[in-house]
Structures are given as structure tokens and as C-alpha cells.
Amino acid sequence: MSLSMRNQMSGTVLAVTTGEVMATVKVRLEGGQEVTAAVTREAVGELGIEQGSAVRTLIKSTEVALATGAVAGLSIRNQLPGTVSAVTTGGAMAGVKVAVAGGELTAAITKDAVEDLGLAPGSEVTALIKSTEIALAAG
Numbered sequence: 017m018s019l020s021m022r023n024q025m026s027g028t029v030l031a032v033t034t035g036e037v038m039a040t041v042k043v044r045l046e047g048g049q050e051v052t053a054a055v056t057r058e059a060v061g062e063l064g065i066e067q068g069s070a071v072r073t074l075i076k077s078t079e080v081a082l083a084t085g086a087v088a089g090l091s092i093r094n095q096l097p098g099t100v101s102a103v104t105t106g107g108a109m110a111g112v113k114v115a116v117a118g119g120e121l122t123a124a125i126t127k128d129a130v131e132d133l134g135l136a137p138g139s140e141v142t143a144l145i146k147s148t149e150i151a152l153a154a155g
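Numbering (the numbering used here), first residue to last: 17 to 155.
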């Protein structure tokens, strides 16, 4: 199946914590980073997600925020350090490609944000992704 989500990274499930409706799934990506996805408990069961399972993380580019360094005191659990590899700007929006360990992320942010942050190839950034914005695919 082809998907429009620009960001797809493979990994292995480290832990699953279930609640009444939702579950958190901690995943070690192929590059060694750890991310947490918040998905429904029903999805965990239907996809057979358990410790040791192979999964793909799926993240829309519009759900990736960028910071020019590590961020403390923030509820966003997923913070991946990387380096800007390309910036494509349009009239209002920009696509920023970020090389992270084991892969690449694309962030769709405003052109003004690119300018304000001084983003250009070679810039060090931290990609910020809320756990509720990471979808999982089995295998």
C-alpha cells in the first residue's frame, strides 16, 4: 500500500503500556532513537503489536515541528536531533528535510518559521513530534 505520509521509519517495539482506551507503544527506530506512539488499545490488538514486533512509524510532515536545539520543559516526548539537508520554500509554506540517525524526516512549516529560525542545509535542529501524531503499521 502506498501512503501520502512522507515520514515512514521502521523499528522494533520495546514496550506496550495499555489503558482502558489508549495505549503507548515505545519503539526503537533503526537509527537507535526511541519514540513513543499513542494509539488505540484496539489498534494494538488488531495489529498484533507486542514487545519485539516489527513496526513502521508513520508521521505526517505537517505534524513535525522544528527547534534549533534541544527543548526542555515540554510535554512533547519525541525529540529527534538532526541536520537540515534541504529546504524548499513556496509562497507561504516550506518543506524542510532533516537527516536523522537511520533516515530522514520532512517537516512542513511556514516560510516565516524557516526565515525566523535561519534554517538552511547544515543547520542543526531537533524534530518534535507529539506521541498522538505517530501512527503505526505492523511489519
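Every residue, glycine too, gets a C-beta built ideally from N, C-alpha and C.
What three-state label does DSSP hand residue i in the structure shown?
i: Ser147; result: helix
i: Gly119; result: strand
i: Val37; result: coil
i: Ala54; result: strand
i: Leu30; result: strand
i: Glu140; result: strand
i: Gly48; result: coil
i: Leu152; result: strand
i: Gly61; result: helix
Return the chain-ordered list of same chain residues with a C-beta closer than 8 angstroms to the C-beta of residue i, the five sequence neighbours on each side being excluded.
i: Ser101; result: Lys113, Val114, Ala115, Glu120 and Pro137
i: Gln67; result: Val29, Leu30, Ala31 and Val32
i: Leu152; result: Val41, Val43, Ala53, Val55, Ala59, Leu63, Ile65, Val71, Arg72, Thr73 and Leu74
i: Glu149; result: Ile75, Lys76 and Glu79
Please classify residue i as buried or exposed, where buried requires at least 16 other C-beta atoms within 10 Å of its C-beta.
i: Ala53; result: buried
i: Gly61; result: exposed
i: Gly48; result: exposed
i: Leu90; result: exposed
i: Val37; result: exposed
i: Val87; result: exposed
Using the Cα positions of residue i and residue j, report the straight-line distance between them to the nearest angstrom.
i: Ala123; j: Gly35; result: 31 angstroms
i: Arg57; j: Val71; result: 16 angstroms
i: Ser18; j: Asn94; result: 25 angstroms
i: Gly98; j: Arg44; result: 16 angstroms
i: Thr81; j: Ile125; result: Sequence check: residue 81 is Ala here, not Thr. Distance between the alpha carbons of Ala81 and Ile125: 7 angstroms.
i: Ser77; j: Gly85; result: 19 angstroms
i: Ser147; j: Ile75; result: 10 angstroms
i: Ile92; j: Met21; result: 20 angstroms
i: Val55; j: Gly27; result: 16 angstroms
i: Asp128; j: Gly155; result: 38 angstroms
i: Gly134; j: Ala39; result: 37 angstroms
i: Val103; j: Ser69; result: 34 angstroms
i: Leu96; j: Ala108; result: 25 angstroms
Between residue i and chain C, is the shortest Cβ-Cβ distance under 8 angstroms, so that the two count as touching?
i: Ala88; result: No chain C appears in this structure, which consists of one protein chain only.
Exercise for the section: Please list the segments of the alpha helix (DSSP H) lying wholly inside the stretch 73-99, counting only runs of 4 or more residues, in order along the chain. Expected result: Counting only runs of 4 or more, we get nothing.
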